[in-house]
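Following: one structure in structure tokens, then a few remarks.
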Ligand SMILES: Cc1cc2nc3c(=O)[nH]c(=O)nc-3n(C[C@H](O)[C@H](O)[C@H](O)COP(=O)(O)O)c2cc1C
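In our numbering, the protein residues as written are 3 to 194.
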């Protein structure tokens, strides 16, 4: 199913056509070449002082990390996400050696996730960002150091038809329109 952005002017096709489906082909595998390419794209993101504070845990459907992340999913995320081919936990080093906060770390990790998402779509995969999971369970299960903050789990895989989803509520979400705030409302000051 396609849900092209209704943008005010043409934007790059990947950016217009990317969206966040929840219907995945539960038999599709993510190749090592695609997984590597997706992570390379994240690696080359810009960051504050080139600090590169993003960290990842890579899980592929069928392995124990994937099962741990599935267990940590909250609410309806537990229902649709396990058909993804891979989960990538995105975390960031949010404190410096002296214990003070790294103010740009979450921004940097978001930038890396954004480039990762574009590369994944370029490779024929879809990505759905998930913030609804048990962050404490993830910290414990993956033995994350105190300075590392889990942020999101990215579900990556091959898109399946909307009606492959098991519940009607999920099908309705899948076929629902995408919406955004109007561009003018995002610009606090300065005219186009
Ligand atoms: C940080 C973050 C957390 C999110 N958490 C969830 C989530 O827990 N479950 C879910 O189904 N979607 C989640 N989403 C997906 C958003 O709902 C989705 O990106 C937004 O509705 C825009 O949809 P679109 O990407 O299809 O345009 C999350 C997105 C982000 C960026």
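Don't be surprised by glycine CBs; every beta carbon is placed ideally from N, CA and C.
These figures come from a predicted structure and were not determined experimentally.
How should residue i be labelled, buried or exposed, when 16 other C-beta atoms within 10 angstroms of its C-beta is the threshold for buried?
i	result
residue 8	exposed
residue 151	buried
residue 56	buried
residue 82	buried
residue 61	buried
residue 20	buried
residue 13	exposed
residue 71	buried
residue 165	exposed
residue 190	exposed
residue 74	buried
Compare the Cα-Cα distances from residue i to each of the options and report the closest residue.
i	options	result
residue 161	123, 143, 151	123
residue 145	85, 91, 133	91
residue 199	46, 153, 114, 30	The displayed coordinates of the chain run from 3 to 194. Any statement about residue 199 would go beyond what the structure contains.
residue 64	32, 50, 45	32
residue 95	114, 108, 86	108
residue 149	180, 103, 133, 138	103
residue 36	140, 173, 158, 185	158
residue 154	194, 76, 14	76
residue 141	59, 49, 13, 172	59
residue 172	114, 4, 14, 23	23
residue 17	179, 51, 128, 44	128
residue 147	5, 93, 45	93
residue 115	71, 26, 48, 27	48
residue 113	44, 186, 156	44
residue 167	180, 51, 79	79
Is any heavy atom of ligand 2 found at a distance shorter than 7 angstroms from the C-beta of residue i?
i	result
residue 130	Ligand 2 is not part of the structure shown, which contains ligand 1 as its ligands.
What are the boundary residues of the alpha helix (DSSP H) that includes residue i?
i	result
residue 68	66-74
residue 167	That residue, residue 167, is in no alpha helix (DSSP H); it is neither H nor E in DSSP.
residue 11	From DSSP, residue 11 is part of no alpha helix (DSSP H); its letter is neither H nor E.
residue 38	34-45
residue 109	107-124
residue 80	79-82
Could you give the first and the last residue of the continuous beta strand (DSSP E) run that contains residue i?
i	result
residue 17	Taken as a continuous stretch (DSSP letters only), residue 17 belongs to no beta strand (DSSP E), being part of the alpha helix (DSSP H) at 15-19.
residue 154	150-159
residue 185	Premise fails: residue 185 lies in the alpha helix (DSSP H), 185-188, not in any beta strand (DSSP E).
residue 88	88-95
residue 62	56-62
residue 131	128-132
Three Cβ pairs or more, each shorter than 8 angstroms: is that satisfied between the segment 93-101 and the segment 116-135?
With fewer than three CB-CB distances shorter than 8 angstroms, the segment 93-101 does not count as touching the segment 116-135.
Flag this pair as touching only if the segment 43-57 and the segment 73-88 have three or more C-beta atom pairs under 8 angstroms; answer yes or no.
No, they do not touch.
How do the segment 6-26 and the segment 66-75 stand: do at least 3 beta-carbon pairs fall below 8 angstroms, yes or no?
Result no; under three Cβ-Cβ pairs closer than 8 angstroms.
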